[in-house]
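A.B. asks: Before anything else, here's the structure in question.
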Amino acid sequence: MPQESDRTTMWWADGFPSHSPSARWHRCFQSGNYGFVLDTETMQIPHFGPLDIPNAVTTLPPAQLGLRIVVDGKTYECAAGGKWTKHGGPRLIESGRFFQRGDVTDLVFTSTDEQELNVEARFETAAWSDRLGLIFAARPAIMPIEAGEKSFGRIGGGFGLDGTNHLEVKHSAELDSKHFTIELWAYVPHNYQASEKTFPWLVCKDRNEEVDGNFGIIFLHGRAQARLNIGGGRDNAFTATADLRDALKLNTWNHLAISYDGDSLRLYVNGRESAKQPIGRKRVPSDGPLTFGRRQDNSGDGYHFRGVIDESTYYDRALSSSEILQHFRHPDVVDAKVKPTKQWRFRSDGVGLKTAPRSIWKSASLAIGLRGPNGTLSNSLDLPTKGKTDPSQWNEVSLAIDPIAFEKVSAKCDVNVRATEIANGEARPVKYNSVLGWHRINLDGIEPIVPNTAGKDAEANKNNSMERIKLVLSNPSDQPQIARLMFEKTSGGIKQHVGSSITGVSAVLRDAQGHPTGIPVQLSKNWHTDAEAGTYRGDWFHGISQVRLLANATVELELSIVYGHWGGVAAASHTQLCLIGWGSNQRWDQSALGAWGESICYEPDQVQANCSITDVRPLMVRATDNAQAWRWTCNVGGGDYFRMFDPSGNRVPHTAMKTTEHRQGPCLTEVTFDGHLGSGIRQAATVSLSRTDDLVRGTYRLRMAVKKATDFSRLVIFQIGADTYSSTGERKMAIGDTTGLLKEWNTQWGGNTYRTNPVACTGRATWVSLHDAVARPKQGNQEACANRGVVIRSWKARLGGKDTPPWIAEHGVNARGHDTSTIDFVAPPGITRLEPGDFVDATIEHIVMPQFARNYYGPNEALRSALAQHENTWQMIHREAVNNDRKAEASIGKIQRTYPDVRIHTLNNEAKLTLSGGLGYVPITFTDLSSPSHYELVVDGHPLDQSVHGNDFWQTEYDATSKRWSQTYNLPAKIAGPQNIHFRVKKLKTQ
2 MPQESDRTTM WWADGFPSHS PSARWHRCFQ SGNYGFVLDT ETMQIPHFGP
52 LDIPNAVTTL PPAQLGLRIV VDGKTYECAA GGKWTKHGGP RLIESGRFFQ
102 RGDVTDLVFT STDEQELNVE ARFETAAWSD RLGLIFAARP AIMPIEAGEK
152 SFGRIGGGFG LDGTNHLEVK HSAELDSKHF TIELWAYVPH NYQASEKTFP
202 WLVCKDRNEE VDGNFGIIFL HGRAQARLNI GGGRDNAFTA TADLRDALKL
252 NTWNHLAISY DGDSLRLYVN GRESAKQPIG RKRVPSDGPL TFGRRQDNSG
302 DGYHFRGVID ESTYYDRALS SSEILQHFRH PDVVDAKVKP TKQWRFRSDG
352 VGLKTAPRSI WKSASLAIGL RGPNGTLSNS LDLPTKGKTD PSQWNEVSLA
402 IDPIAFEKVS AKCDVNVRAT EIANGEARPV KYNSVLGWHR INLDGIEPIV
452 PNTAGKDAEA NKNNSMERIK LVLSNPSDQP QIARLMFEKT SGGIKQHVGS
502 SITGVSAVLR DAQGHPTGIP VQLSKNWHTD AEAGTYRGDW FHGISQVRLL
552 ANATVELELS IVYGHWGGVA AASHTQLCLI GWGSNQRWDQ SALGAWGESI
602 CYEPDQVQAN CSITDVRPLM VRATDNAQAW RWTCNVGGGD YFRMFDPSGN
652 RVPHTAMKTT EHRQGPCLTE VTFDGHLGSG IRQAATVSLS RTDDLVRGTY
702 RLRMAVKKAT DFSRLVIFQI GADTYSSTGE RKMAIGDTTG LLKEWNTQWG
752 GNTYRTNPVA CTGRATWVSL HDAVARPKQG NQEACANRGV VIRSWKARLG
802 GKDTPPWIAE HGVNARGHDT STIDFVAPPG ITRLEPGDFV DATIEHIVMP
852 QFARNYYGPN EALRSALAQH ENTWQMIHRE AVNNDRKAEA SIGKIQRTYP
902 DVRIHTLNNE AKLTLSGGLG YVPITFTDLS SPSHYELVVD GHPLDQSVHG
952 NDFWQTEYDA TSKRWSQTYN LPAKIAGPQN IHFRVKKLKT Q
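In this text, residue positions in the sequence shown follow the working numbering: the first is 2, and each later residue adds one.
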């Protein structure tokens with residue numbers, strides 16, 4: 002079983018530096034055995050070594066990292082890490098209980114004479130609790146775009162735009178027809194946007210978009226956009242933006258065309274009509290030049306494009322879709338039927354290439370070294386000479402080290418791993434990686450086992466699918482060993498075809514009899530595919546675990562993977578989601594009920610949305626009346642906690658945010674994000690989701706402890722809808738408690754001001770309803786799908802030196818360009834200073850309530866009936882406050898809490914209790930167990946059995962501190978009367 006020292010964590014020392022100019026680019030790692038800090042800006046290691054004292058990583062001595070490339074006899078040393086950008090610089094790959102993996106891309110290498118090497122290079126750390134892999138990868142970089150007609154082209158030579166130059170064509174009457182088409186080929190590199198502040202214009206006629214007669218193409222958020230000012234000033238400027246399916250293809254050629262036929266502006270991307278904007282007016286002519294590669298008026302920084310253009314053509318009519326498709330498919334064929342008005346071709350003797358050329362290394366070598374107080378560890382790699390390798394292939398040199406002993410780890414592994422698909426007996430590929438320290442077990446293409454359940458809808462029944470893999474782990478050596486396991490699925494490897502399977506993966510290690518063991522499986526995954534991101538983008542799942550093996554021992558286990566259901570009910574999962582291929586590339590956690598899209602997402606460093614609770618989606622609802630079941634639902638996200646502003650109104654960032662995974666499902670998730678707020682406050686949020694069949698209830702335990710006096714101008718303890726991110730808007734809000742409604746009002750959106758005076762709430766189970774929601778315009782014909790609500794399950798707080806109840810107010814905001822309102826839990830009126838000893842300790846439920854009965858297709862009839870009576874009203878949140886008000890009394894054992902789960906400390910592996918209240922399925926956890934299995938749960942005199950595949954309805958966890966186990970079950974709620982519950986050791990059957 003795991004040990005306390007096995008736990009790992011990785012965090013930014015001062016919070017993510019983009020939020021605070023004074024923050025250092027120090028990425029910290031710590032386990033129970035060692036720690037290190039990597040300065041991703043300088044590529045130095047200010048702290049490294051064994052840890053004798055917990056949380057003392059910044060007291061460790063420095064180590065010196067050396068990364069070297071020798072090219073054609075000249076030596077280059079790593080001088081800096083890449084700057085953080087959308088896809089580059091420091092990136093988080095995977096992170097969890099056992100294993101932390103990150104890299105830094107776009108490394109800078111210089112020689113002693115300060116010449117910079119044209120290279121793509123990245124440095125990666127792969128850290129377990131007792132070993133560390135260092136990986137240095139490099140390859141020749143793509144050559145910079147050569148300006149003008151020296152550049153390569155699509156057919157022959159092209160015209161290079163290096164981000165500073167442009168090509169301008171003087172105005173002539175031929176370029177001012179009422180109807181027109183302009184088409185061209187554009188090579189779009191990953192760094193096509195020459196300016197960090199402005200989007201690029203590929204082609205622009207006559208100054209800018211506010212000028213009569215202007216037309217052109219810009220690139221915005223990875224897509225092309227056609228622009229046309231029909232005449233009459235800025236209010237008559239029209240746009241047509243490419244469909245998401247037609248995103249720009251990077252590092253290759255794109256065929257682009259725009260046309261106007263007097264009726265509609267059309268945009269074509271790679272032969273397909275991608276956007277159409279009806280206008281129906283005569284175009285006013287213009288007399289300005291036609292410019293390629295920037296905005297024609299060169300305003301500001303010029304809105305420059307970096308890339309290559311070729312085969313640019315203007316026609317005095319709108320070409321048909323078939324004509325444009327023909328030009329895309331056959332660029333080297335002259336169409337005699339289509340006569341151009343103007344054409345710009347470049348050097349016929351130039352070089353035509355599909356992609357930009359890379360630098361050529363005639364001879365090269367890579368070297369990596371780490372120098373510490375006890376010596377230097379190093380490794381090197383000589384690359385094949387010119388012509389014997391593809392310059393686009395990465396070259397890697399690595400070190401696998403024991404950071405406690407400061408020595409290299411042997412490439413030999415004494416552990417043997419065999420994996421077999423249980424359904425058909427086929428062996429699965431297993432490969433040991435000595436640098437990463439794991440056995441990689443490929444699970445692509447496993448056929449899910451679907452139970453034959455009579456009378457059930459065949460499509461919905463696929464939610465009960467399970468993948469089962471038999472594992473045999475052997476240690477033939479005479480010393481204990483650790484089997485480090487990585488269960489892998491790659492793009493196309495998931496064959497469970499209900500919903501979006503990768504959004505809800507749960508992985509459970511069970512013993513040979515199918516009992517959950519309590520050995521955790523760390524969950525990491527990705528589904529983001531932007532080509533610019535490079536390595537680690539795309540669809541993949543990694544389940545990571547480790548098993549301790551005694552000398553000369555063999556252990557048989559089963560890996561069970563489910564997506565939609567665990568024991569016939571929507572499984573709960575909490576996973577680290579890699580953002581490589583999306584952008585920002587920092588910590589993002591995604592929790593889900595089932596596998597039909599996200600439920601609640603968290604971003605503890607608040608890098609993208611500047612809040613902690615991001616995307617939130619309702620469960621088992623249709624976005625429109627005709628939408629399919631078991632699919633992604635609309636986003637009603639946004640929320641935050643401990644949002645504080647200093648006396649000058651500046652946001653105080655969350656810093657040093659660490660993540661601790663306690664439970665990752667499938668019955669209950671529990672994950673803590675903890676760190677600092679300013680210099681004198683500790684803060685933490687423990688977030689949970691539990692297996693159920695009705696709706697999403699996120700439970701948050703919020704804790705704040707003030708160590709030194711802190712002044713503030715605004716303090717939000719908790720909010721639904723965040724100041725900076727709210728994907729919906731509700732037209733009504735209401736406050737109440739178990740006795741009923743206290744106040745309902747119409748919201749007043751926007752203004753960045755409080756719209757209501759704060760109200761003190763002292764009743765039991767205070768609740769807030771945000772209802773009568775409307776969808777954002779970008780959601781098209783979708784309804785909002787869900788309303789939002791909050792129920793306070795416990796509250797203790799001292800603010801300004803005084804005990805205080807929750808105070809609640811509506812705050813009007815503009816979030817991402819849309820006016821809306823948040824509901825804020827605030828400091829009491831008149832309090833603007835926190836004193837030492839002040840604190841908050843509160844447990845809050847975040848309710849994502851289906852808006853209308855007709856949209857809910859889930860199996861919970863009680864919810865369906867309640868929606869039929871009270872849909873889109875505050876009564877639905879009041880129902881949550883009253884009916885989910887749990888009360889538990891124990892006759893054997895001790896009740897520890899009732900939210901997010903009813904938790905009871907057993908006595909000699911036994912507990913008896915009565916439970917009243919609850920909605921959906923109520924999670925109940927029995928702790929302090931002496932073994933992981935052979936228990937039973939008896940409810941009202943009947944043993945509970947929710948199994949579909951056998952022993953697949955409870956969750957087992959192991960506490961490495963106490964060396965005891967716990968088990969979590971989910972009981973269907975009983976509205977009428979209490980449930981009598983008896984947990985005990987399972988009685989052995991006698992012959």
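Beta carbons: idealized from backbone N, C-alpha and C, even for Gly.
Hey, is VAL270's beta-carbon within less than 8 Å of any beta-carbon in chain D?
C.D. replies: As a matter of chain content, chain D is missing from the structure shown, which is built from one protein chain.
A.B. asks: Does the region 747-761 touch the region 795-815, meaning 3 or more C-beta pairs lie closer than 8 Å?
C.D. replies: Touching, yes, given that three or more Cβ pairs across the two stretches are closer than 8 Å.
A.B. asks: Measuring alpha carbon to alpha carbon, tell me which of THR555, LEU221 and ASN192 ends up nearest TRP202.
C.D. replies: When each option's Cα is compared against that of TRP202, the closest is LEU221.
A.B. asks: Is the distance from the Cβ of ILE136 to the Cβ of ALA127 below 8 Å?
C.D. replies: In this structure, ALA127 lies closer than 8 Å to ILE136 by Cβ.
A.B. asks: Which whole-angstrom value is the C-beta distance of GLU211 and GLY234, which I expect to be below 8 Å?
C.D. replies: Confirmed, about 7 Å.
A.B. asks: Which stretch, first to last residue, makes up the alpha helix (DSSP H) that contains ARG330?
C.D. replies: Start and end: 322-330.
A.B. asks: Buried or exposed, going by whether 16 or more other CB atoms sit within 10 Å of the CB of ALA365?
C.D. replies: Buried.
A.B. asks: DSSP on ILE361, reduced to helix/strand/coil?
C.D. replies: Correct three-state label for ILE361: coil.
A.B. asks: Give the single residue among THR634, LEU39, ALA227 and MET11 whose Cα lies nearest to the Cα of ILE259.
C.D. replies: Closest option to ILE259, Cα to Cα, is ALA227.
A.B. asks: Buried or exposed for ASN453, going by 16 or more other Cβ atoms inside 10 Å?
C.D. replies: Exposed.
A.B. asks: Any idea if ALA337 is buried or exposed, counting beta-carbon neighbours within 10 angstroms, 16 or more meaning buried?
C.D. replies: Burial call: exposed.
A.B. asks: Kindly indicate which three-state DSSP category ASP247 falls into: helix, strand or coil?
C.D. replies: ASP247: helix per DSSP, three-state reduction.
A.B. asks: Indicate whether the contact test is met: 3 or more Cβ pairs, each with one atom in the region 255-273 and one in the region 321-330, closer than 8 Å.
C.D. replies: Segments in contact, yes.
A.B. asks: Under 8 Å by Cβ, that's how I've got LEU68 and GLY36 pegged, so tell me the actual separation to the nearest angstrom.
C.D. replies: Contact flag wrong, Cβ pair sits at about 21 Å.
A.B. asks: At 3 residues or longer, what runs of the beta strand (DSSP E) sit wholly inside the region 587-648?
C.D. replies: The region 587-648 contains these whole beta strand (DSSP E) runs: 590-594, 601-603, 614-617 and 640-646.
A.B. asks: Give the straight-line distance between the Cα atoms of GLY33 and ALA406, rounded to the nearest whole angstrom.
C.D. replies: So the two alpha carbons sit approximately 15 Å from each other.
A.B. asks: Count the other CB atoms, across all protein chains shown, that sit within 10 Å of the CB of ASN782; report buried if there are 16 or more and exposed otherwise.
C.D. replies: Because ASN782 carries a pLDDT of 49, less than 50, the predicted location of this residue cannot be relied on, and the following value inherits that uncertainty. With fewer than 16 Cβ atoms within 10 Å of its Cβ, ASN782 is classed as exposed.
A.B. asks: Taking all protein chains shown into account, decide if LEU703 is buried (16 or more other Cβ within 10 angstroms of its Cβ) or exposed.
C.D. replies: Under this definition LEU703 is a buried residue.
A.B. asks: Output needed for ILE832: all residues of its chain with C-beta closer than 7 Å, excluding positions within five of it in sequence on either side, in chain order.
C.D. replies: Contacts found: LEU800 and GLY801.
A.B. asks: By Cβ distance below 7 Å, which residues in the same chain neighbour PRO286 in space, the five residues on each side in sequence not counted?
C.D. replies: Correct list, in chain order: ASP177 and GLY214.
A.B. asks: How about GLN852 and ALA787: do their beta carbons lie closer than 8 Å?
C.D. replies: Yes, these two residues count as a Cβ contact at 8 Å.
A.B. asks: Rounded to whole angstroms, what's the CA-CA distance from GLY83 to GLN629? Just pull it up for me.
C.D. replies: Computed Cα separation, rounded: 44 Å.
A.B. asks: Any contact between the region 462-477 and the region 523-532? By contact I mean 3 or more CB pairs, one from each, below 8 Å.
C.D. replies: Contact between the region 462-477 and the region 523-532 is absent, because fewer than three Cβ pairs lie under 8 Å.
A.B. asks: Please name the residue or residues paired with THR10 in a DSSP beta bridge.
C.D. replies: Beta-bridge pairing links THR10 to GLN31.
A.B. asks: Here's a check: name, in chain order, each residue in its chain whose Cβ is nearer than 8 Å to the Cβ of LYS964, leaving out the five neighbours to either side.
C.D. replies: Cβ within range, chain order: MET2.
A.B. asks: Less than 8 Å between the beta carbons of LEU437 and ALA508, yes or no?
C.D. replies: Not closer than 8 Å, so no.
A.B. asks: With LEU266 as the anchor, note down where its beta strand (DSSP E) starts and where it stops.
C.D. replies: Segment 265-270, the beta strand (DSSP E) holding LEU266.
A.B. asks: For LYS975 and HIS498, what's the separation of their Cα atoms in angstroms?
C.D. replies: Roughly 33 Å between the two C-alpha positions.
A.B. asks: For THR725, which of ASP804, CYS762, GLY639 and ALA706 has the nearest alpha-carbon?
C.D. replies: When each option's Cα is compared against that of THR725, the closest is GLY639.
A.B. asks: Got a sec? Which residues, its chain only, sit under 7 Å from LEU920 by beta carbon, not counting five neighbours each side?
C.D. replies: Cβ within range, chain order: ASP695, GLU881, ASN884, ASN885 and ALA974.
A.B. asks: Looking at the structure shown, is HIS983 part of a helix, part of a strand, or coil, going by DSSP?
C.D. replies: Correct three-state label for HIS983: strand.
A.B. asks: Assign LEU669 to buried or exposed, taking buried as 16 or more other Cβ atoms, counted over all protein chains shown, within 10 Å of its Cβ.
C.D. replies: Buried: at least 16 other Cβ atoms inside 10 Å.
A.B. asks: Between ALA319 and ALA276, is the Cβ-Cβ spacing less than 8 Å?
C.D. replies: Not in contact: ALA319 and ALA276 (Cβ atoms no closer than 8 Å).
A.B. asks: DSSP three-state call for VAL418: helix, strand or coil?
C.D. replies: In the structure shown, VAL418 sits in a strand (DSSP, three-state: E or B).
A.B. asks: Taking the alpha carbon of GLN968 as the reference point, which residue from GLN947, SER948, GLY978 and PRO924 has its own alpha carbon closest?
C.D. replies: Ranking the options by Cα distance to GLN968, first place goes to PRO924.
A.B. asks: When burial is assigned at 16 or more other CB atoms within 10 Å of the CB, is THR59 buried or exposed?
C.D. replies: Burial call: exposed.
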